[in-house]
Each structure stands twice: as structure tokens, then as C-alpha cells.
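What follows is a set of notes on a single structure, which appears directly below.
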Amino acid sequence: MEDKIILKLIDAALSGNENLGQIAVRQFASKIRTVNSILYQDITNRLQFVATRSTGLKSKPLPLDADTRQTLVRVEDPILLDTAPVFASDVEESLEQILLERRHTEELLREGIFPARSVIFKGAPGVGKTMSARWLAKNLGLPLFTLDLATVMSSFLGKTGSNVRAVLEHAMSTPCVLLLDEFDAIAKRRDDDRELGELKRLVTVLLQAIDDWPPNSLLIAATNHSELLDPAIWRRFDVEIEFPMPSIEIIEKYLVEYWPEALKSGRIAKHFAGMSFSNIDRELRQAKRESIISNFNLKIREANTDGISMLTDKDLSSMSKEERNNWIIRLHKKGESQRSISSILNISRPTVKKVLEENIQA
1 MEDKIILKLI
11 DAALSGNENL
21 GQIAVRQFAS
31 KIRTVNSILY
41 QDITNRLQFV
51 ATRSTGLKSK
61 PLPLDADTRQ
71 TLVRVEDPIL
81 LDTAPVFASD
91 VEESLEQILL
101 ERRHTEELLR
111 EGIFPARSVI
121 FKGAPGVGKT
131 MSARWLAKNL
141 GLPLFTLDLA
151 TVMSSFLGKT
161 GSNVRAVLEH
171 AMSTPCVLLL
181 DEFDAIAKRR
191 DDDRELGELK
201 RLVTVLLQAI
211 DDWPPNSLLI
221 AATNHSELLD
231 PAIWRRFDVE
241 IEFPMPSIEI
251 IEKYLVEYWP
261 EALKSGRIAK
271 HFAGMSFSNI
281 DRELRQAKRE
291 SIISNFNLKI
301 REANTDGISM
311 LTDKDLSSMS
321 KEERNNWIIR
331 LHKKGESQRS
341 ISSILNISRP
351 TVKKVLEENI
361 QA
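Under full-length UniProt numbering, the first residue of the sequence shown is numbered 1, with each subsequent residue one higher.
Written out as C-alpha cells, the structure reads:
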């Protein structure tokens with residue numbers, strides 16, 4: 001056995017680092033595969049048993065806040081994602097690389113290399129960071145755990161740190177994708193004098209967790225304010241992906257996938273230039289609401305005036321003065337304007353005005 005492998009096994013045993021130990025064992029197995037097939041198979045069986053045992057930990061209870069008894073993570077399992085996100089080419093290449101490394105984990109570990117275990121997403125709000133985390137989890141066949149920042153952040157000194165540690169320990173014990181959204185809230189620069197010592201200590205906990213993250217799980221941090229992060233954080237992540245604002249080309253693809261009715265209505269990508277996906281969604285949802293309400297009001301109006309629409313021109317011309325006046329008053333109460341009533345009943349607008357004035361005076 002090579003001295004490097006022996007030293008890795010010694011370091012793993014002394015430090016209690018299971019990840020380092022597994023890498024050393026896989027490297028050793030790779031070295032003796034051709035010279036001692038029986039021992040190689042025994043080692044492979046043991047590694048498989050460890051992987052199976054880890055998978056079985058999915059039923060482990062979720063971490064709770066000790067005071068409120070609320071869960072500290074939101075869980076999506078399975079991931080319901082009917083349509084894939086629309087990515088910029090650089091983002092798509094980086095995400096596909098993560099999946100590719102996961103498909104070849106065994107080969108990488110035999111060479112002493114971990115697949116990407118930690119990823120940091122940065123970019124403006126609404127550009128697809130959270131959706132991309134869901135997409136990765138779905139494609140990896142893993143549950144998505146999202147840190148519930150509102151529950152984790154506590155006003156009690158020391159509680160925030162213990163809550164975050166509980167989430168990290170839980171995610172490290174079971175195969176999953178853990179999303180730390182709004183990461184800048186818990187990983188702020190330690191040289192910021194405005195922050196409490198507790199949050200500064202929390203950064204140290206995060207750094208250690210990133211270093212020790214197991215290869216059967218994926219840690220994703222997402223931030224809208226990368227300038228607030230502690231500088232030491234950046235060096236710890238295996239992959240850094242920047243999400244740009246969508247280009248006109250990407251917006252066109254997004255509208256085709258998610259809002260085809262917007263294209264039918266004449267809206268084009270240039271109308272949404274400079275907007276994030278979430279802002280595009282917000283504008284289109286509002287337009288859809290207005291369209292639904294407008295159509296609904298139109299149907300009500302048609303229903304309210306249905307009786308008069310069934311009358312022929314002959315009926316209208318032979319209508320008595322009392323009947324005509326009743327229709328004027330009825331349509332007015334339904335919200336029709338004097339001009340509209342004049343057109344519906346085929347009478348002059350001054351006549352409508354006079355009847356309404358007399359009715360109001362009456």
C-alpha cells in the first residue's frame with residue numbers, strides 16, 4: 001500500500017473524518033483490485049453497506065426549534081417540477097457539470113477526488129437560484145431541505161447558532177440537497193463591528209461544515225448580496241455560479257415555456273427587458289388577473305342585459321313609454337352609462353337623461 005493512502009487512513013482515524021476515511025479505503029481498493037480480487041470484493045461490500053445505511057437515515061426526525069417546536073427546514077420530497085428552468089448557457093454548463101460528477105462519483109473517489117459537494121449561487125433576486133436548487137435535487141433523486149430562516153434566526157443569544165448546527169448535522173447525516181437561502185444573513189463578514197459575536201462564531205461553524213460536507217449530499221448556498229459574505233466563505237465552496245439577469249433571448253425561451261399565452265396576446269420579450277423572472281411572472285400574473293376580472297364583468301353585463309338583447313327592433317319601437325322608462329332605470333342601476341343605454345334602447349341620449357333625472361327627483 002502506498003504511504004499516502006496509509007497516512008490518509010491514519011489521519012481519518014485520528015480525526016474521526018469519515019469522508020477522508022472512505023476516500024482512502026476506495027483508493028486502497030482500487031490499488032488491490034487486480035492483485036487480490038477477494039479482498040477487493042469484501043471492501044466494496046462494506047462500502048456498499050455504509051452507503052445503504054446512510055440512505056436509510058431519511059426517516060430521521062427533522063430538527064426542531066427547542067422553544068417553538070417548529071421545524072427548522074422545509075422539505076420537498078418528491079420534487080414537483082413540471083418544466084425545467086431556463087438557464088443562461090454558462091449557468092447550464094456549470095449545473096450539468098455537477099450532475100456529471102455525481103454520475104461518476106465512484107471513479108472520482110478512487111482517485112482521491114470528491115465530486116462537487118458545495119455550491120454557491122449568487123445573483124439578483126428572482127433570477128432562478130432557488131428554482132435551480134430544486135432542479136438539481138430532482139435530477140439527483142434527492143430530497144430538498146431548505147433552511148427556514150425565519151424559524152432559525154432567534155432573538156435569544158446562542159439559539160441561532162444551535163439551530164443552524166442542528167440543521168447542518170441533520171443534512172450531513174442523510175443524503176439530500178440542503179439549500180441555505182439568503183445565505184448572507186448567517187454568513188456575514190466577521191470584520192463587521194455591527195454584528196454580534198454569536199453570528200461571527202456561526203461563520204466558523206459554517207466553514208467547518210462546508211469543509212466536512214459528505215459526498216453523498218449537496219450543499220447549496222444562495223445569496224442576493226455577495227458583498228456581505230465573509231471572504232473566507234468563498235474559498236470553501238467547490239463551485240461558484242453567478243446568475244445574470246435574463247437576456248432577451250432567455251426571456252423569449254422563458255415566455256415560450258412558461259407563458260405561451262403572453263406571446264399569443266402580442267407581448268414580446270423586449271417588453272420585459274431588464275426584468276428578472278420573478279418580476280416577469282408578477283406582471284403577467286397581474287395582467288392575467290385583470291383579464292379574468294374583465295371577462296367576468298363582461299359576462300355579468302351580458303347577463304344583466306340579456307333580456308333587452310332578446311328584443312327585436314320592432315319590440316323596441318312598439319315599447320310603451322312606461323316599459324321604456326323601466327328599462328332605462330333598470331339598465332342605469334346595472335351600471336350602464338347614458339350613452340350605452342341610448343344605444344341599447346335605440347333612443348336619444350337626452351331622453352335617457354330626462355327619464356333618469358325625473359326618476360332621481362322622484
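Ideal placement from N, C-alpha and C gives every residue a C-beta, glycine not left out.
Small disclaimer: the values here were computed from a predicted structure and weren't measured.
Pairwise C-alpha distance: residue j and residue i
i, j, result
"Q97", "E227", "26 Å"
"S162", "R103", "34 Å"
"L178", "L144", "6 Å"
"R236", "L263", "43 Å"
"Q208", "M131", "27 Å"
"A116", "V73", "23 Å"
"I113", "P260", "44 Å"
"I251", "A133", "20 Å"
"T71", "S94", "32 Å"
"E249", "A137", "26 Å"
"T55", "V86", "Because the pLDDT at T55 is just 47, under 50, the model does not fix this residue reliably, and the value given afterwards should be weighed accordingly. Going from the Cα of T55 to the Cα of V86 covers about 31 Å."
"S348", "I341", "9 Å"
"N279", "S320", "56 Å"
"L202", "L147", "15 Å"
"D90", "V152", "33 Å"
"S343", "Q286", "33 Å"
"E336", "S317", "21 Å"
"W234", "D211", "12 Å"
"K333", "E283", "34 Å"
"F28", "P78", "36 Å"
"L345", "D281", "43 Å"
Neighbourhood of residue i by C-beta, 8 Å cutoff - its chain only, sequence neighbours within 5 removed
i, result
"S276", "A124, P125, G126, V127, M245, P246"
"D184", "T223, N224, H225, S226, L228, L229"
"K353", "Q338"
"E106", "R26"
"A88", "F243, P244, P246, S247, I250"
"L99", "L136, N139, L140"
"E182", "L149, A222, T223, N224"
"K270", "I248"
As assigned by DSSP and simplified to three states, the class of residue i
i, result
"K159", "helix"
"G21", "helix"
"A222", "strand"
"V239", "strand"
"E93", "helix"
"T174", "coil"
"E76", "strand"
"G56", "With a pLDDT of only 45 at G56, under the threshold of 50, the placement of this residue in the model should not be trusted; the figure read from the coordinates follows. If DSSP states are grouped into helix, strand and coil, G56 belongs with the helices."
"V127", "coil"
"P350", "helix"
"F145", "strand"
"T105", "helix"
"V35", "coil"
"I113", "coil"
"I120", "strand"
"L202", "helix"
"N359", "helix"
"L64", "strand"
"L81", "coil"
Top-ranked residue by Cα proximity to residue i, from the options
i, options, result
"K253", "P63, N36, W327, A84", "A84"
"E92", "S342, F272, Q27, E242", "E242"
"A221", "L206, P215, P214", "L206"
"A166", "G21, K334, P61", "P61"
"L218", "S278, V239, I347", "V239"
"S118", "T68, M172, K138, I79", "M172"
"T204", "P214, L168, N216", "L168"
"E358", "D42, G335, R339, E322", "E322"
"N216", "W135, E283, A88, L108", "L108"
"T160", "L100, D90, I186", "I186"
"L80", "N139, I38, D211", "N139"
"V164", "L180, P231, C176, T174", "L180"
"V75", "A269, T174, E290", "T174"
Own chain, CB closer than 6 Å to residue i, minus 5 neighbours either side, in chain order
i, result
"S30", "R110"
"V355", "N325, I328"
"L255", "A262, L263"
"P63", "L72, A166, V167, H170"
"W213", "R117, S118, L219"
"F34", "The sequence as given places Thr at residue 34; Phe does not occur at that position. Counting only Cβ-Cβ distances below 6 Å, and skipping sequence neighbours, we find nothing."
Same chain, Cβ closer than 7 Å to residue i, neighbours up to 5 away in sequence not counted
i, result
"K129", "F121, G123, A222, F243"
"K288", "none"
"A273", "I248"
"L57", "Residue placement at L57 is flagged as unreliable, the pLDDT there being 43, under the threshold of 50; a coordinate-derived value is accordingly withheld."
"E257", "T83, V86"
Beta carbon proximity, residue i to chain D, threshold 9 Å
i, result
"F28", "In the displayed structure, chain D is absent; only one protein chain is listed."
Runs of 4 residues minimum, wholly inside the stretch 238-288: which ones carry the alpha helix (DSSP H) assignment? Within the stretch 238-288, the complete alpha helix (DSSP H) runs of at least 4 residues are 248-258, 260-264.
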